[in-house]
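> Supplied in structure tokens, the structure appears directly below.
Number of protein chains: 2
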Amino acid sequence: MNSIFILVPIASILALVFAWIFFKSMMKNSEGTDRMKEIAQYVRDGAMAYLKRQYKVVGIVFVVLFILLSIMAFFKVQNPFVPIAFITGGFFSGLCGFLGMKTATFASARTAHGASQSLNKGLQVAFRSGAVMGLVVVGFALLDIAAWYLFLSEIVFTPEHMTSGLHFLGLEFVHAGTTEHQKLVEITTTMLTFGMGASTQALFARVGGGIYTKAADVGADLVGKVEAGIPEDDPRNPATIADNVGDNVGDVAGMGADLYESYAGSILATAALGAALPAIALEKTGITAIQAVTAPMIVAAMGIILSIVGIYMVRTKESATQKNLLNALLLGTGGSSVLILLAMVGLAYTGWITWGVFGAVVIGLAAGVIIGQATEYYTSDEYGPTKGIAKQAQQGPATTIIDGIAVGMGSTWIPVVTIVLGIMGAFWAAGGGSEFAMGVYGIGFAAVGMLSTLGITLATDAFGPIADNAGGNAEMSELPKEVRERTDALDMLGNTTAATGKGFAIGSAALTAMALISAYMEEVRLWFGKIAKAGEGFITKGEYIFYNDVAPAVHDGMKAVKISAASVKDFSAAYDITLFNPLFLGGLFLGSMMAFLFSAMTMKAVGRAAGAMVEEVRRQFREIKGILDGTGTPEYAKCVEISTKGAQREMLVPSLVAIIVPVIVGAAMGVAGVIGLLAGGLTAGFTLAVFMNNAGGAWDNAKKFIEKGNYGGKGSEAHKAGVVGDTVGDPFKDTSGPSLNILIKLMTMVSVVMAGLTVTLSLL
Amino acid sequence: MNSIFILVPIASILALVFAWIFFKSMMKNSEGTDRMKEIAQYVRDGAMAYLKRQYKVVGIVFVVLFILLSIMAFFKVQNPFVPIAFITGGFFSGLCGFLGMKTATFASARTAHGASQSLNKGLQVAFRSGAVMGLVVVGFALLDIAAWYLFLSEIVFTPEHMTSGLHFLGLEFVHAGTTEHQKLVEITTTMLTFGMGASTQALFARVGGGIYTKAADVGADLVGKVEAGIPEDDPRNPATIADNVGDNVGDVAGMGADLYESYAGSILATAALGAALPAIALEKTGITAIQAVTAPMIVAAMGIILSIVGIYMVRTKESATQKNLLNALLLGTGGSSVLILLAMVGLAYTGWITWGVFGAVVIGLAAGVIIGQATEYYTSDEYGPTKGIAKQAQQGPATTIIDGIAVGMGSTWIPVVTIVLGIMGAFWAAGGGSEFAMGVYGIGFAAVGMLSTLGITLATDAFGPIADNAGGNAEMSELPKEVRERTDALDMLGNTTAATGKGFAIGSAALTAMALISAYMEEVRLWFGKIAKAGEGFITKGEYIFYNDVAPAVHDGMKAVKISAASVKDFSAAYDITLFNPLFLGGLFLGSMMAFLFSAMTMKAVGRAAGAMVEEVRRQFREIKGILDGTGTPEYAKCVEISTKGAQREMLVPSLVAIIVPVIVGAAMGVAGVIGLLAGGLTAGFTLAVFMNNAGGAWDNAKKFIEKGNYGGKGSEAHKAGVVGDTVGDPFKDTSGPSLNILIKLMTMVSVVMAGLTVTLSLL
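Dropping the structure here:
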């Protein structure tokens, strides 16, 4: 272990310590009146009940996958650490969701209470709670990465094991004569499995949470607002608690698991690409292989420390205006970003990373800012597109929908062009156009750079939903109107600061996916090398060959299968990923289709779950007397139960499809088909996700724009049309759209983990 | 000219002769009452006024492109026949639209009059009019192809020119020492430009017609049906004539130009792939190069003759029921398909095509049938998906939209999987997995086979809109209710038979696009060969080198530009179309984005044009007294004018974007970027098109299902929601969706034509 690497475990533990400090300081605040406490307790119970059930379902899936991976390890198309790495990734991702949500549910009443004192007080409680979430995510992610890296590099791959070999349960883990380079490749590709665990957990959290929150939201709106005519978050609405629970399980727990996966994925993919750098590239740049592998972790560690610094920079006077608060937040996030760039200048100066890689990170950050601004332009009611939708609302719901879809589809061009320029720019900056592997490493590093300050950017992202929930609490507790106004102001503040954060999240997801696809190719090359070397034209089926440079002993009882000499020799012919390979083009088609099919399934799921909610709310209005005049109490728990059940039932199929399809495509269409699937999924999925996110955001804000009194204001025909747009946009922006990013990465992670199987099958 | 090729000009002329016969026999029918004649005249005038204006705008675009291509030819990055071929493609495509629409506008009143006598009589008039359209399209397309092929092969490339060379305007067209193989390659790639002309015309026709018809439709519905509460096609609605004109310019002229382009494109692409077959592949299969090139034309010629036979097979007794009529139509289309397969068995038996190619065609036909059936399943109100949308309509417009989008997105899987299996199947059948070029040729041939009976399938496609228009005429002329019922029955009959036709159109578009992309790569290889050979490491800028095997004389006064030895030698490195080329991945992103951006632009265009129409109709209701009680006459012409102007203004930008983007990408990102653009455009565009077409179709039929009396029937809340869905679906299924197929092919055609420029720029 080189000395500076010590920063990695230290920073991750530091993140958890500060998360604990912020949590404790938040908990010191009062939850306000008894009514506020009661409502917060309802939401907390609902949210925890949901998470418990979710983890039970996901737990079963994890056990099944663990067993499958173990079987693969037993048959030696997988390495024996893989199943365990998979489980830890899932576990920590889930833990982050749990802790983040626990914090958020404790924070909502406290934020409302804070807001009843002053805007600034409300901000402090909400922002510090968001920071808990941010620091928990980066802390656990980096801790898990550091632990695995140290375990594999210091305990498994000790110098004596590398010289004499290491056996365990009859398997040879470390072959005699392992080189330093082989060691790093094995370590990083094993650690990628940890990413698959995180992605699996994240997809379930996003899809399940997205279905839950939108089913409750749509159900509450359609019956409560539209049919019964009572306002948002009114305690008379039976679905209102479920709606507030939904904000927590969807926007907080879902987002936490999502970003955990992005953050870990970008670091792991870049480390794997670093390990795959050819000796000639390292020689040219003067960087060691260990430096290339650990650099993304070290940048992440520095990012954590600077995020904590940034969080402390968010200070305002007690009498702060909205503008002061915004500036304070921007100072925190912007300050952290500038500091991390300075820190990276230091790394480049001392030769840990190349200046080209530094350039790639700058390009990545610029791309993130541009995408964030473009998102802001297309979805904020201060600009033409959203105003245009509001104007079309005067003609009724149909033109509202048509215009919103057109705005969403049209909004794809800036993010896509930016990503294309960003990928090309990072590639050229890091690789100079000739060093291919270095260029791809640069693309991965750009994503790491964008996400390095996630500790603070996630805080600015997460405090919006917390403020939103605080508003719900204030409404239900019938606090003075000004409290609700303040929480709304905080919510809006969150939306503004979150724009750049979202840009970073979207941009880094595309870059990470690109890096992961490259890592997949490396993995395929590795397996091909292992198998090709195994028997000089013979592959020993079932023989687990740990190193590509070492011919293994042939286990007895296994059937030897001959590979044609041509396929062994001509790797590039076997894996010629050109457009002319119809398998590749077929894969492209399937990847594109997967994005649409997955969106269809999640939207259908929301529809079905919302339908059940609508019926339950109608039933309660019908059967429980006196709900509307306030003399009867709605059965909140029933609605919570319905959303929970619906989400659990509905999240399973789309998530499993995302896991199974890459395996099937790999088995049926080989490596070319898989690469096509991933490339098609990435490009079409990214575009579709931007479309759905932006259309949903624009509809939401167009409705709010009308509610501000434009085109007739609340209750007008335009407003009714705006509500239709908003309702359609809900599953777009909160279920299907955000899930697509995870879908892309999960499919890639699954492919990476299954690469051994795919290669073996394609050679049989 | 080999003897059997004579079939090609003969069949094309035969098609035109029979079109003339059918036209004359249709014209013999009476147009009915004076009122019917008057209305037909209104529609005819409006449609012709529109086409005139459309051709004026398109004419300007063609002149500009002609000049640009001529400049390129002058600077020798283009061959001198290219500008002329481009113009003829556009001209004939436009002519087909004109004649088809003229026929349709003459037929509507006659069909209504026929339907007032019997269902069978109505069918005969409508179907024969549709057949005029079908035969005109295939006749002119094949005539143009035959003429160019004969001109180039018999007049330009005469044996003496091929030995001694041919000069014209100071340029050497035919170099001394041209081989037979070189001749065929030059001829077929030149003819592809004819396809670019057809595609350009088709895109304008589809986009312009689509905007026109939906602006009129949405305008008529929103104000007439929803606000004023008068029924469809009511003469009191000022936009009703424009609406009927729209059916003609969108559904008839637009569809005609579209299928002209598909038909010509599939034949030309396959001929080009036939010319590119390597000598070794020809040797193995015993097919000559000329046979490979002319076979798709001959199959098309036989298809024409068998289509005419099929048209005569559509006969029924005077007292025919709806079921009899359906069977008669299916006998005609199915019979033609079976006969063409038998004819191809003959070709395979005599060694003109391989049995593998025959197998590819069978696979293509099967894929077309499956896609057609899947489309039927997802959009017909007899099945779950559309019924589900109708059910959701009870909850209001929002759930109607969500469910429709989910159905549309979910419906992509069968067509995509079918196309993937079809492409792979055709490739393997024709090439056996090892003969790459033969496999790709098989993919192209599958498209030719699917479209070979277009003469009759287009007739079954086109008679639906004619019957629809006849219904409009009957309504406005206040004919007895049973007439409208009969035309509605005919319209529905058309929808049923059109399902398979649509499947063929969609499937063949994907296969043709795939074949065109392969042809593009051939073109690039050709140009690269030309330039690389030119000066042994030196490229003579501006030197038009006609043959890749002949080193040309270096013209004086031209600057010689050195290419690095590496790039000349290593073609595969320069054009390595692997996923790892970030330019390729960037292209994929951009292609995906283009599909969304183009859809956004066309939807926005419909929105703007419809908005203008809404205001005009409202103005007329307000200002012209007595419209609603029938004492005032609406100003129909004003609405026609507004739709015409709107369509012309709005169609320009999206169409030009489709032409310009591939050129820019080619210049900035080279061949890899272009291939990425085309592959991304094809895969994402195809999926998006299926989504939009099917969602639109399902909404339309869900509304009709409610109108049949389900969920409260007409006037219920569910019906109102259904109308919203239908209105949103209108631009989906009639503007954006159908335009996407042409977009994909036009971008590819442009790339093929610009290949010389792209290669030259990338080597400088």
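Chains as they are written, first to last, in our numbering: chain A, 1 to 764; chain B, 765 to 1528. Each residue gets a CB set at the ideal place from its N, CA and C atoms; glycine is no exception. As the structure is a prediction and not an experimental result, all values here were calculated from the model.
1. Quick check on the DSSP output: the alpha helix (DSSP H) that includes B:V900 runs from which residue to which?
2. Using alpha carbons as the reference points, say which of B:G1132, B:P847, B:L1347 lies closest to B:F830.
3. Is A:S164 buried or exposed, if buried means 16 or more other CB atoms sit within 10 Å of its CB?
4. Any residues in the segment 403 to 430 of chain A with a beta carbon nearer than 9 Å to a beta carbon of chain B? Which ones, in chain order?
5. Determine the extent of the alpha helix (DSSP H) in which B:D1022 is found, giving its start and end residues.
6. Classify A:D258: buried if its beta carbon has 16 or more other beta carbons within 10 angstroms, exposed otherwise.
7. Is the shortest distance between the beta-carbon of B:A1448 and the beta-carbons of chain A less than 7 Å?
8. Spatial neighbours of B:I768 within its chain, please: CB distance less than 7 Å, with the 5 preceding and 5 following residues excluded, ordered by chain position.
9. If you run the structure through DSSP and keep just helix, strand and coil, what is A:V8?
10. Let me know the secondary structure DSSP gives B:V938 once reduced to three states.
11. Assign B:L1070 to one of three DSSP states: helix, strand, or coil.
12. Check the Cβ of A:Q395 against every Cβ in chain B and list those closer than 8 Å, keeping chain order.
13. Using a Cβ-Cβ distance under 7 Å, would B:F1455 count as near chain A?
14. Would you call the CB atoms of B:R1084 and B:N884 closer than 7 Å?
15. Going by C-alpha to C-alpha distance, which of A:L16, A:M162, A:D233 sits closest to A:L479?
16. Output needed in chain order: residues of the segment 371 to 395 of chain A with a Cβ under 8 Å from some Cβ in chain B.
17. Please classify A:T487 as buried or exposed, where buried requires at least 16 other C-beta atoms within 10 Å of its C-beta.
18. For a test of the three-state rule: what should DSSP assign to B:L1392, helix, strand or coil?
19. Rounded to whole angstroms, what is the Cα-Cα separation between A:G756 and B:Y1284?
20. Determine whether the Cβ of A:F92 lies closer than 7 Å to any Cβ atom of chain B.
21. Along chain A, in chain order, which residues have C-beta atoms closer than 8 Å to that of B:A1273?
22. Can you confirm whether A:G368, when its beta carbon is compared against all beta carbons of chain B, has any partner nearer than 7 Å?
23. Once the 5 residues before and after A:T687 are set aside, which same chain residues still bring their CB inside 7 Å of it?
24. Measuring alpha carbon to alpha carbon, tell me which residue in A:L656, A:G670, A:G712 is nearest A:F204.
25. Among the residues of its own chain, which have a CB less than 7 Å from the CB of B:V1514, if the five just before and after it don't count?
26. Could I get the ranges of all uninterrupted alpha helix (DSSP H) runs contained in the segment 429 to 459 of chain A, with 4 residues as the minimum, in chain order?
27. Does B:L1290 come within less than 7 Å of chain A when only Cβ atoms are used?
28. Three-state secondary structure (DSSP) at B:P1042?
29. Between the Cα of A:G94 and the Cα atoms of A:A112, A:T105, A:F62, A:P80, which residue gives the shortest distance?
30. If you draw a straight line from the alpha carbon of A:T500 to that of A:I371, how long is it in whole angstroms?
31. Put A:V723 into one of helix, strand or coil per three-state DSSP.
32. Can you look up A:F571 in the DSSP assignment and give me helix, strand or coil?
33. For the alpha helix (DSSP H) holding B:Q1159, just list the boundary residues, first then last.
34. To which residues of the same chain is B:A775 closer than 6 Å at the C-beta, ignoring the five residues directly before and after it?
35. Out of A:G114, A:H175, A:T189, state which residue places its alpha-carbon closest to the alpha-carbon of A:W148.
36. Would you grab the beta carbon distance between B:F856 and B:A905 for me? Rounded to a whole angstrom, and I think it's under 8 Å.
According to the data block:
1. 883 to 914
2. B:P847
3. exposed
4. D403, I405, A406, V407, G408, M409, G410, S411, T412, W413, P415, V416, V417, I419, V420, L421, I423, M424, A426, F427, W428
5. 1019 to 1039
6. buried
7. yes
8. I1062
9. helix
10. strand
11. helix
12. L986, G1375, V1378
13. yes
14. Contrary to the premise, residue 1084 of chain B reads as Ala rather than Arg in this sequence. Result yes, Cβ atoms of B:A1084 and B:N884 sit closer than 7 Å.
15. A:D233
16. Q392, Q395
17. buried
18. coil
19. 35 Å
20. no
21. Within chain A, no residue comes near B:A1273; the closest Cβ sits about 13 Å away, beyond 8 Å.
22. no
23. T412, V416
24. A:L656
25. M960, I1423, P1426, V1427
26. 436 to 451
27. no
28. coil
29. A:F62
30. 8 Å
31. helix
32. Residue confidence is low: A:F571 scores 45 on pLDDT, short of 50, so the model does not pin down where it sits. No coordinate-derived value is stated.
33. Premise fails: B:Q1159 is in no alpha helix (DSSP H) and is neither H nor E.
34. A1065, I1068, I1069
35. A:T189
36. 7 Å
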